[in-house]
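K.L.:
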Amino acid sequence: INVDDPLLNKISKNAPFDAITYGINATADFMAKDIRYSQSGINFILDFNGSEKKVKINSFNKSNVYDTLAAIGTCYFLGFPLNLIINALTQTEIF
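With our numbering, the residue at position 90 of the sequence shown is 123, and numbering never jumps.
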């Protein structure tokens with residue numbers, strides 16, 4: 034759940050289930066920090082459970098950072114290792 038959206042943030046706090054959250058501005062399970070643009074795309078630091086990992090995506094659209102966080106959270110929930118997810122994203126072309 035994107036907790037940067039005020040309505041979704043409220044829903045996540047009142048959900049009758051454990052919600053996986055992501056965001057850039059609000060505290061979340063999966064957070065993007067230090068977002069930077071380069072000639073090859075967007076780089077950011079993924080903060081998850083106090084661990085920080087560098088992530089690079091082949092896109093220049095900030096909304097794709099949210100998409101990437103949602104994808105990371107979903108894949109992690111499904112049992113994929115975080116390093117595998119991040120490596121796969123680096124090689125993925127985003128339209």
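Where is the CB? At the ideal position from N, CA and C, for every residue including glycine. Just so you know, these numbers come straight off a predicted model, no measurement behind them.
Any idea if Y55 is buried or exposed, counting beta-carbon neighbours within 10 angstroms, 16 or more meaning buried?
P.N.:
buried
K.L.:
For I68, report the span of its alpha helix (DSSP H) as first-last.
P.N.:
Note, I68: premise wrong, no alpha helix (DSSP H); beta strand (DSSP E) at 63 to 71.
K.L.:
Looking at the unbroken alpha helix (DSSP H) that takes in F81, where does it start and where does it end?
P.N.:
Premise fails: F81 lies in the beta strand (DSSP E), 74 to 81, not in any alpha helix (DSSP H).
K.L.:
Taking the straight line between their C-alpha atoms, what separation do you get for F93 and K86?
P.N.:
19 Å
K.L.:
What number of angstroms, rounded off, separates the C-alpha of L122 from the C-alpha of P49?
P.N.:
Each residue's Cα considered, the two are about 31 Å apart.
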